[in-house]
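Participant: Just dropping this structure here.
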Amino acid sequence: MAITQGVGEAKRSTNSSTVVWLTPRGDSPGAESRDHDRRQRFRLVQKHKRFDPHLLVVPVGSTIEFPNLDPFFHNVFSLFEGKRFDLGLYEAGTTRGIVFDRPGVSYIFCNIHPEMSAIVIAVRSPYYGVSEKSGEITIPNVLPGRYLLQVWHESASPEVL
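Under the working numbering, think of the first position of the sequence shown as 7, with each following residue one higher.
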């Protein structure tokens with residue numbers, strides 16, 4: 007089963023920064039997915055003094071690689087509520103990575119280029135989706151069961167949601 011939610015006609019591009027995820031509850035058949043090996047590899051590319059993509063959602067336990075495709079040094083770090091880390095200074099053409107081993111929102115920056123920023127959301131669920139520019143969100147392959155629905159938006163505080 008897939009869950010799709012549209013938010014109406016999109017008039018602003020901010021619709022594309024909404025994240026929705028489902029956390030299995032209790033003895034729900036979907037709860038078995040919590041223990042599923044969700045270790046995956048993702049990439050947050052540094053190119054033209056930007057991170058791409060700007061917003062990345064990963065299951066807890068995933069590794070994110072930060073390849074430096076620019077012709078100069080970068081220093082990727084995060085000091086906020088999610089995963090705290092500092093990958094140190096590294097040169098063009100190299101890659102460093104880190105495991106996101108706890109849930110939360112991590113705001114990612116470059117210590118050398120203050121205009122660079124990205125957001126990584128690590129979730130304890132295989133069921134998540136990021137809105138398209140149209141505002142539509144699809145969460146594929148959801149098993150029947152009971153779930154806690156969680157929503158995050160880049161420009162909204164948690165209290166508003």
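Cβ coordinates follow ideal geometry from the N, Cα and C atoms, glycine included.
Quantities reported herein were computed from a predicted structural model and do not represent experimental measurements.
Less than 7 Å between C-beta atoms, sequence neighbours within five positions excluded: which residues of the same chain meet that for R40?
Facilitator: Interpretation of R40 is limited by its pLDDT of 47, a score under 50 that renders its predicted location unreliable; the figure taken from the coordinates is listed afterwards. Closer than 7 Å at the Cβ level, and outside the excluded window around R40, lie P30 and R130.
Participant: Pull the bridge partners of D92 from the DSSP assignment, please.
Facilitator: Answer is F83.
Participant: Give me the Cα-Cα distance between I125 and G151, rounded to the nearest whole angstrom.
Facilitator: The straight-line gap from Cα to Cα measures roughly 30 Å.
Participant: Please name the residue, chosen from V148, F48, K139 and H119, that lies closest to V105 on a Cα-to-Cα basis.
Facilitator: Among V148, F48, K139 and H119, the Cα nearest to that of V105 is on F48.
Participant: Tell me the rounded alpha-carbon separation between F79 and Y153.
Facilitator: Near 43 Å, if we compare the C-alpha coordinates of Y153 and F79.
Participant: Cα-Cα, which of P59, D58 and V63 is closest to W27?
Facilitator: Ranking the options by Cα distance to W27, first place goes to V63.
Participant: Just reading off the beta strand (DSSP E) that A162 is part of, what are its end residues?
Facilitator: Careful: A162 lies outside any beta strand (DSSP E) and carries neither H nor E.
Participant: Closer than 8 Å is the cut-off here; do at least three beta carbon pairs connect the segment 112-123 with the segment 79-96?
Facilitator: Yes, the segment 112-123 touches the segment 79-96.
Participant: Please report the straight-line C-alpha distance between K53 and P59, rounded to a whole angstrom.
Facilitator: Their backbone Cα atoms lie some 10 Å apart in a straight line.
Participant: So the beta strand (DSSP E) A128 belongs to, where does it begin and stop?
Facilitator: S123 to V129 is the span of the beta strand (DSSP E), which, as asked, contains A128.
Participant: Determine, using beta carbons only, whether H119 and T24 come nearer to each other than 7 Å.
Facilitator: No, they are not a contact pair.
Participant: In this structure, how does DSSP classify S112 when only helix, strand and coil are distinguished?
Facilitator: DSSP places S112 in strand when its eight states are reduced to three.
Participant: Could you name the residues that DSSP lists as bridge partners for V25?
Facilitator: According to DSSP, V25 bridges with V136 and W158.
Participant: I think V66 touches A128, with their Cβ atoms under 8 Å apart; what is that distance to the nearest whole Å?
Facilitator: The Cβ separation is near 5 Å, so the contact holds.
Participant: From T100 to D92, what does the alpha carbon distance come to, in whole angstroms?
Facilitator: Using only the alpha carbons, I get a separation of about 15 Å.
Participant: Going by C-alpha to C-alpha distance, which of S140, D33, R56 and G32 sits closest to E121?
Facilitator: Residue R56 is the option with its Cα nearest to E121.
Participant: For E71, which residues does DSSP report across the bridge?
Facilitator: According to DSSP, which records beta bridges pairwise, E71 is partnered with R49 and G103.
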